[in-house]
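Residue numbers (the working numbering): 18 to 371.
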């Protein structure tokens, strides 16, 4: 594993870059396994879109490396299968009668299954977090029966942290129909996801079978990057103060799960700490960090990523703190502006001397 670098992004903030080679610091035979879990809306408002979504997105199973599942929900939720290995098996599942829309029960049942599989995998392999689970929520978002996602999803998130703290879970939202409501799906991502997939969009939209095929193609391009990749745990050495920033204005976290592609990759992380970090730990392997000069391009891209995470959280969370987010981002943006001003001043001075 190669070294890395860091530079000050603002007072008490550091931008970290670290190159991770493929397969280093972990057992690829375990972490490369990936299971897809479809949480499909079978309500009356979906109409024939339910069957069309089932038939279309079944193709994604081709790219999974562990058994997949299909859970459908209407007035309640039922898992149709938890051992799917081919698209044909998904398409052949018989859908129950349509009803009202209880998104909360669908996601809850899907997560219950995922945690059952996670527990079984931990017993079989002797290691938790061996499978990367990806939950696909396919819905028009028209929740109309039972406790709402805003009530249920935070509770589910607490259960995950309590019962399966090493669960590696990503959430992909596909909004079905032109009137699809995005807030419930985005809330699911905000509350439940532990491994963000930066190669995929936060949410996709499909209003017809043709548009579903387009979305499928986009998803396959992103998901192909999962094949042969792995999820790595990133943390600071024991006794080191500070934490990683996932969303501006929210509490920093002591560790993060990040996806590393099959060819390795460059980690881009924002750290909140009083002093520059000297080391980073990736899957138990220590990586030396060198403090470097301010990099305007890297800083700008970091701020863009932070703002993107902020947009997503703003849509999905009812506890969004806008003032804390602004207070966090302001010094970062000011640091970029000050750097640009310094370059401009130096250029003007050089021109004056000429």
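Idealized CB from N, CA, C, for every residue including glycine.
Looking only at its own chain, which residues have a Cβ that is under 7 Å from the Cβ of residue i, when we skip the five neighbours before and after it?
{"i": "residue 104", "result": "75, 76, 78, 79"}
{"i": "residue 338", "result": "266"}
{"i": "residue 329", "result": "203, 206, 207, 219"}
{"i": "residue 376", "result": "Given that the chain is displayed from residue 18 to residue 371, the structure contains no residue 376 and the question cannot be resolved."}
{"i": "residue 45", "result": "Residue placement at residue 45 cannot be trusted, given a pLDDT of 43 that sits under 50; the coordinates are not used to answer."}
{"i": "residue 199", "result": "158, 192, 220, 332"}
{"i": "residue 68", "result": "112"}
{"i": "residue 169", "result": "121, 125"}
{"i": "residue 201", "result": "120, 158, 160, 166"}
Rounded to the nearest angstrom, what separates residue i and residue j at their Cα positions?
{"i": "residue 237", "j": "residue 111", "result": "25 Å"}
{"i": "residue 242", "j": "residue 232", "result": "16 Å"}
{"i": "residue 269", "j": "residue 125", "result": "27 Å"}
{"i": "residue 351", "j": "residue 310", "result": "16 Å"}
{"i": "residue 64", "j": "residue 193", "result": "11 Å"}
{"i": "residue 211", "j": "residue 113", "result": "31 Å"}
{"i": "residue 101", "j": "residue 323", "result": "36 Å"}
{"i": "residue 184", "j": "residue 24", "result": "31 Å"}
{"i": "residue 109", "j": "residue 307", "result": "55 Å"}
{"i": "residue 28", "j": "residue 149", "result": "35 Å"}
{"i": "residue 26", "j": "residue 348", "result": "8 Å"}
{"i": "residue 173", "j": "residue 360", "result": "49 Å"}
{"i": "residue 127", "j": "residue 21", "result": "38 Å"}
{"i": "residue 177", "j": "residue 363", "result": "53 Å"}
{"i": "residue 365", "j": "residue 283", "result": "35 Å"}
{"i": "residue 260", "j": "residue 253", "result": "8 Å"}
{"i": "residue 190", "j": "residue 367", "result": "53 Å"}
{"i": "residue 66", "j": "residue 164", "result": "24 Å"}
To which residues does DSSP link residue i through a beta bridge?
{"i": "residue 132", "result": "Beta-bridge pairing links residue 132 to no other residue."}
{"i": "residue 303", "result": "298"}
{"i": "residue 273", "result": "251"}
{"i": "residue 21", "result": "35, 306"}
{"i": "residue 261", "result": "270, 288"}
{"i": "residue 30", "result": "27, 289"}
{"i": "residue 116", "result": "60"}
Looking only at its chain, what residues have a beta carbon closer than 6 Å to the beta carbon of residue i, apart from the 5 residues adjacent to it on each side?
{"i": "residue 82", "result": "50, 51"}
{"i": "residue 239", "result": "216, 217"}
{"i": "residue 343", "result": "none"}
From what residue to what residue does the alpha helix (DSSP H) around residue i run?
{"i": "residue 358", "result": "339-370"}
{"i": "residue 174", "result": "166-180"}
{"i": "residue 90", "result": "Not the alpha helix (DSSP H): residue 90 falls in the beta strand (DSSP E), residues 85-90."}
{"i": "residue 284", "result": "Run containing residue 284: none in the alpha helix (DSSP H); it sits in the beta strand (DSSP E), 282-289."}
{"i": "residue 246", "result": "Segment: none, residue 246 is in no alpha helix (DSSP H) and carries neither H nor E."}
{"i": "residue 108", "result": "104-108"}
{"i": "residue 205", "result": "200-209"}
{"i": "residue 70", "result": "66-74"}
Within the same chain, show all residues whose beta-carbon is closer than 8 Å to that of residue i, passing over the 5 residues directly before and after it, in chain order.
{"i": "residue 42", "result": "Unreliable positioning characterises residue 42 in this predicted model, as indicated by a pLDDT of 49, which lies under 50. The coordinate reading is nonetheless provided below. Closer than 8 Å at the Cβ level, and outside the excluded window around residue 42, lie 18, 249, 299, 300, 301, 302."}
{"i": "residue 317", "result": "353"}
{"i": "residue 171", "result": "208"}
Let's see if you can read the secondary structure: which residues bound the beta strand (DSSP E) around residue i?
{"i": "residue 55", "result": "50-58"}
{"i": "residue 153", "result": "148-156"}
{"i": "residue 61", "result": "Careful: residue 61 lies outside any beta strand (DSSP E) and carries neither H nor E."}
{"i": "residue 100", "result": "94-101"}
{"i": "residue 223", "result": "220-223"}
{"i": "residue 185", "result": "185-193"}
Rounded to the nearest angstrom, how far is the Cβ of residue i from that of residue j, given a contact under 8 Å?
{"i": "residue 117", "j": "residue 156", "result": "13 Å between Cβ atoms; not a contact."}
{"i": "residue 258", "j": "residue 290", "result": "6 Å"}
{"i": "residue 71", "j": "residue 107", "result": "7 Å"}
{"i": "residue 264", "j": "residue 327", "result": "6 Å"}
{"i": "residue 319", "j": "residue 32", "result": "5 Å"}
{"i": "residue 251", "j": "residue 297", "result": "7 Å"}
{"i": "residue 162", "j": "residue 92", "result": "6 Å"}
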